[in-house]
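For reference, the structure is listed below as structure tokens.
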Amino acid sequence: MVRRCRLASRRSAACARRCDSRPSAAARRDGCVTTKRCPSPDSGGRQSRAIPLLSGPLSGRTHPRSSAGSSSITPWRSRMFKLKQLGLVAALAVAASSASAVNVASGKLWHVPEAVTFNAIPANVPGTTPDVTFDVNSPFNFSGTSVSVNTWLASSGAFNIVENTGGTLASLMDNGVVGTFLQFTGMVTVTNGMTFTVTHDDGLTLIIGGIDLGFNPGPTAPVVNTATYTGPSGTFAFELDYAECCGGPAVLQVDLPLQAIPEPSTYALMGLGLAGMGLTLRRRRQRENV
Numbered sequence: 000m001v002r003r004c005r006l007a008s009r010r011s012a013a014c015a016r017r018c019d020s021r022p023s024a025a026a027r028r029d030g031c032v033t034t035k036r037c038p039s040p041d042s043g044g045r046q047s048r049a050i051p052l053l054s055g056p057l058s059g060r061t062h063p064r065s066s067a068g069s070s071s072i073t074p075w076r077s078r079m080f081k082l083k084q085l086g087l088v089a090a091l092a093v094a095a096s097s098a099s100a101v102n103v104a105s106g107k108l109w110h111v112p113e114a115v116t117f118n119a120i121p122a123n124v125p126g127t128t129p130d131v132t133f134d135v136n137s138p139f140n141f142s143g144t145s146v147s148v149n150t151w152l153a154s155s156g157a158f159n160i161v162e163n164t165g166g167t168l169a170s171l172m173d174n175g176v177v178g179t180f181l182q183f184t185g186m187v188t189v190t191n192g193m194t195f196t197v198t199h200d201d202g203l204t205l206i207i208g209g210i211d212l213g214f215n216p217g218p219t220a221p222v223v224n225t226a227t228y229t230g231p232s233g234t235f236a237f238e239l240d241y242a243e244c245c246g247g248p249a250v251l252q253v254d255l256p257l258q259a260i261p262e263p264s265t266y267a268l269m270g271l272g273l274a275g276m277g278l279t280l281r282r283r284r285q286r287e288n289v
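If you're matching positions, the sequence shown starts at 0 in this note's numbering and goes up one per residue.
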């Protein structure tokens with residue numbers, strides 16, 4: 000750098016070395032390279048390395064350390080930014096998967112004449128508005144003897160209960176004249192050869208992907224039955240029809256591999272994360288354009 004200044008001085012007597020970040024008018028006119036050679040606070044009075052401040056005939060010769068530093072810092076920052084993006088996406092994926100693990104089935108309930116409850120098959124599902132609708136998590140664990148509809152639903156933690164016909168929740172599951180018919184629907188993920196064990200009183204029908212697993216749909220004392228799914232592996236719609244008749248108890252216990260359904264908080268979390276990524280990208284571009 001000292002040699003460069005000497006060459007500049009030979010070219011024009013107006014060239015000078017100054018501790019000034021603004022080159023002189025004479026230096027601009029003569030095309031000299033003015034350098035800043037100021038002692039740094041921690042150098043003990045020694046001069047720091049010279050840094051070119053004005054483009055001129057010698058401007059192409061830049062300090063090797065300066066150029067190497069600028070060329071390596073930018074790719075490094077770019078790589079770090081990409082790693083942060085990947086980390087945020089991974090965190091969102093983990094959060095979404097954990098938040099969405101909610102296995103929910105939809106339920107509908109009707110009070111029907113006792114004779115209808117003798118055969119819990121799809122053909123006997125009423126075509127009218129359900130007296131009660133609700134949601135329930137798997138596994139089902141409904142049970143009760145001479146209990147009200149509301150008590151029976153609570154035995155398995157049913158929620159989102161809506162009473163469409165007044166008085167239904169307070170009425171008995173079966174009073175000898177009027178019984179109860181229920182239909183459960185949702186999506187299940189199954190594999191060929193999977194077995195299902197159900198404890199029930201009274202009858203039920205379980206259909207997965209159009210395949211009837213062959214449970215007893217008629218009146219019965221509490222009994223444990225096992226059936227095997229023989230269809231293809233995958234995720235399919237299911238329908239479980241259950242009827243309570245002939246006095247208590249009323250029992251329905253089964254573990255269905257329901258497909259996980261995202262909760263509203265999952266969508267909110269993902270939206271917040273994507274918005275944060277967008278804001279980060281915008282600020283980064285603004286800094287690069289400055």
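Even for Gly, the Cβ is constructed at its ideal location relative to N, Cα and C.
Since this is a predicted model, take the numbers as computed values, not measurements.
Residue range of the unbroken alpha helix (DSSP H) whose run includes residue 148: First-last of the alpha helix (DSSP H) with residue 148: 148–153.
Residue 117 beta carbon less than 8 Å from that of residue 218: At the C-beta level, residue 218 and residue 117 come within 8 Å of one another.
Simplified DSSP state of residue 115, which is helix, strand or coil: Taken through DSSP and simplified to helix, strand or coil, residue 115 comes out as helix.
DSSP three-state assignment for residue 122, whether helix, strand or coil: In this structure, DSSP gives residue 122 a helical state, which the three-state scheme calls helix.
Rounded separation between residue 206 and residue 238 - CA only: Rounded to whole angstroms, residue 206 to residue 238 spans 5 Å at the Cα level.
For residue 134: DSSP bridge partner residues: Its beta-bridge partners are 105 and 158.
Beta-carbon proximity of residue 105 to residue 134, cut-off 8 Å: Cβ atoms of residue 105 and residue 134: closer than 8 Å.
Cutoff 7 Å; reference residue 145; Cβ partners in own chain excluding five residues on either side: These residues qualify, in order along the chain: 171 and 247.
Neighbourhood of residue 229 by C-beta, 7 Å cutoff - its chain only, sequence neighbours within 5 removed: If you ignore the 5 residues before and after residue 229, its C-beta comes within less than 7 Å of the C-beta of 191 and 210, all in its own chain and listed in chain order.
Opposing strand residues paired with residue 186 [DSSP bridges]: In DSSP, residue 186 forms a bridge with 236.
Contact belief for residue 187 with residue 256 at Cβ below 8 Å, rounded distance in angstroms: By a beta-carbon distance limit of 8 Å, residue 187 contacts residue 256. Their separation comes to about 5 Å.
Nonlocal neighbours in the same chain, by C-beta distance under 6 Å from residue 131, ignoring five residues either side: For residue 131, where only same-chain residues beyond five positions count, the Cβ hits under 6 Å are 108, 162 and 167.
Paired residues, beta bridge with residue 203 - DSSP: Residue 203 is bridged to 241.
Rounded distance between the beta-carbons of residue 195 and residue 212, thought under 8 Å: Yes, residue 212 and residue 195 are in contact; Cβ-Cβ is about 6 Å, under 8 Å.
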